[in-house]
Every structure is written in structure tokens, then in C-alpha cells.
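K.L.:
Heads up: the protein sequence lines correspond to chains A and B, in order. At position 61 of the first sequence the residue is numbered 61 (my numbering), and the sequence of numbers has no breaks. Offset between the second sequence (1-based) and my numbering: plus 110. Sharing a structure with you now.
2 protein chains.
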Amino acid sequence: MPDSRKRLLFEKQARIAQAIGHPLRLEIIDFLKNGEQCVCDIAEHIGAERSNVSRHLGLMVSAGVLEHRKEGLKVIYRLKCPCILDFFTCISSVLKKEAKESSRLLKVLC
Amino acid sequence: MPDSRKRLLFEKQARIAQAIGHPLRLEIIDFLKNGEQCVCDIAEHIGAERSNVSRHLGLMVSAGVLEHRKEGLKVIYRLKCPCILDFFTCISSVLKKEAKESSRLLKVLC
DNA sequence: TTACTATATGATTATATACTCACATAGTAT
DNA sequence: ATACTATGTGAGTATATAATCATATAGTAA
């Protein structure tokens, strides 16, 4: 793979990682794992302003993480690919590794 | 799980996702998958300023993605957990999904 | 000691992101 | 038509991030 193409790929990948790299957005993704939801229900669930939630949703759509459809007045968002949930598994491995280290350190100190 | 604890978890997870959400940092992680490297070799490989690379590395260490050790003058960085590489698999799934859609759209247009 | 190398970091600037408020739009209901 | 609701977006502000340059530190070698 040529260098310029590789760089473009890293940029695309970074965009996706960035799109999920925010606590509210992760909470939204976690909420949507059980099925599609409209903006106002998402906003209520995570306890944030609708306009703010709307922006976060737009960002995730443009990053290719979510997709949406209209239903009357409401706009319904859903995960574009359930594979995005693998992120949680992957992140958990990193956090577990960290937690193990902390507990090991704690044992040495006590 | 109580709400405050859940929020804290999302923040920790977001920090990790953010730590890999940058093209240069992804390139560094990709470079380190084959083994540990010192700062200057990393900087040369990705073609960026050492001071800049040093900051990116520090950021990833504090997010728990990398760890480092000293060896003489050099500081050697490595992946703290190879599981971070699963991110690439996960991201690829999202990108593939997107690519499939684009090609389907293209077929309709031509 | 001095000279050199690798790395980290303070200070600065530029840019990006997050959030809020106010308003516009679109659909629904009366 | 008016009134209402859900959503999106412009404008502004605050904060975070990225990059660069200059400098400091730490180890090496002469």
C-alpha cells in the first residue's frame, strides 16, 4: 500500500475513533445497542440538551457510526453496524489490564 | 451499576478512544505492533517532529495504551496491551460496511 | 571537564471541539 | 389558519488539542 493511501486510511480510522471518543457519545451508542431511538428519548436518557445531543448524533452519522430515518416529526437513530459495539470489548480489555496492575501495586504497598 | 459509576466508566473509555483517535497516534500504534521502538525511530518512521511525537506518546501512556522504559539515553515505547490492535479490526468492519454501501450506490448510478 | 545525543516540556499560536441560547424548519393536531 | 412538538443549525463563548520553537534535563563519550 502506498504511503499516501496509508495516511488516508489512518485519517479515516482516526475519524471513527474520535467519533466514539466522548463520554456522551459512548453513552448514546450504549443506549442504541438495544434498538433505535429518537433524539428526544436519547436526550432524556443521557440527561443532556437536545441541541447538544443532535450535534453529537450528526457527528456520529457523518463519521459513519450511526444512521437515521424520519418518522413523522421524529428522527430515529440507530447503529449503522453493530460491530461498533466491539469497541467496548476492546476498551474493556485495556481497562482490565490497567485495573490488574493497580491491584498488584496496591498489594505491594499494603 | 449506579449512574455516577457508569458515567465514570464512559469517561475512562472515552479517554482511551480519544487516545487512539488521531492519525499519527494510529500510525504509531500500527508501527509498535511489531515490537517496541524508541522515540527517534518512531519519529523518523512517521515523519514527524520528535517533540510532537513525544507528546503523542505521553498522551497514550497516560491513557493506558502504551508503556515505556529507559535504555541509556533512549526511551523505548511499546503497546501496553496487544488487545488495542483489535481496534483496527473493529474500525475496519465499520469502514467495510461504508465501502459496500458506496459501491452499491455507484452501481445504481451507472 | 566539554561536546554530543535523545527526550521532555514551557510558552506560544492556531485550530478544533463542546456547549448554550435563540431561532428556523418541518410535521402534527385543532 | 394557529398552536404545538421535534429537530437542526447559526452565532457566540469557553475549553481542549495540536504543532512548533526554544530550552532544559539526562545520559554518553571524548
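Every residue gets a Cβ at the ideal spot worked out from N, C-alpha and C, and that includes glycine. All of these numbers come straight from a predicted model, not from anything done at the bench.
Could you check which residue in 181/B, 204/B, 183/B and 170/B has the C-alpha nearest to that of residue 189/B?
P.N.:
Minimum Cα-Cα distance from residue 189/B among the listed residues 181/B, 204/B, 183/B and 170/B corresponds to 170/B.
K.L.:
Any contact of the segment 184 to 199 of chain B with the segment 146 to 160 of chain B, i.e. 3+ C-beta pairs under 8 Å?
P.N.:
yes
K.L.:
Can you tell me which of 96/A, 7/A and 41/A puts its alpha carbon nearest to the alpha carbon of residue 132/B?
P.N.:
7/A
K.L.:
Residue 47/A: buried (16+ other C-beta within 10 angstroms of its C-beta) or exposed?
P.N.:
exposed
K.L.:
Scan the segment 163 to 183 of chain B for residues whose Cβ lies nearer than 8 Å to a Cβ of chain A and list them as they occur along the chain.
P.N.:
174 and 175
K.L.:
State the Cα-Cα distance for the pair residue 138/B and residue 71/A, rounded to the nearest angstrom.
P.N.:
44 Å
K.L.:
Taking residue 39/A as part of the alpha helix (DSSP H), name the residues at either end of that continuous run.
P.N.:
39 to 46
K.L.:
Is residue 17/A near residue 173/B, with beta carbons less than 8 Å apart?
P.N.:
no
K.L.:
Return the CA-CA distance between residue 159/B and residue 217/B, expressed in angstroms with no decimal places.
P.N.:
Distance between the alpha carbons of residue 159/B and residue 217/B: 44 Å.
K.L.:
When you compare the CB of residue 136/B with every CB in chain A, is at least one pair closer than 8 Å?
P.N.:
Among the CB atoms of chain A, one or more fall inside 8 Å of the CB of residue 136/B.
K.L.:
Anything in chain B within Cβ reach of residue 10/A, meaning under 7 Å, just list it in chain order.
P.N.:
133, 136 and 137, listed in chain order.
K.L.:
Rounded to whole angstroms, what's the CA-CA distance from residue 140/B to residue 14/A? Just pull it up for me.
P.N.:
12 Å
K.L.:
By alpha-carbon positions, which one of 43/A, 109/A, 3/A and 94/A ends up nearest to residue 177/B?
P.N.:
94/A
K.L.:
Any beta-carbon of chain B closer than 8 Å to the one on residue 49/A?
P.N.:
no
K.L.:
How far does the beta strand (DSSP E) with residue 171/B in it extend, from its first residue to its last?
P.N.:
That residue, residue 171/B, is in no beta strand (DSSP E); its alpha helix (DSSP H) goes 160 to 172.
K.L.:
Rounded to the nearest angstrom, what separates residue 87/A and residue 136/B at their Cα positions?
P.N.:
The alpha-carbon atoms of residue 87/A and residue 136/B are separated by roughly 15 Å.
K.L.:
To the nearest angstrom, how far is the alpha carbon of residue 40/A from that of residue 65/A?
P.N.:
19 Å
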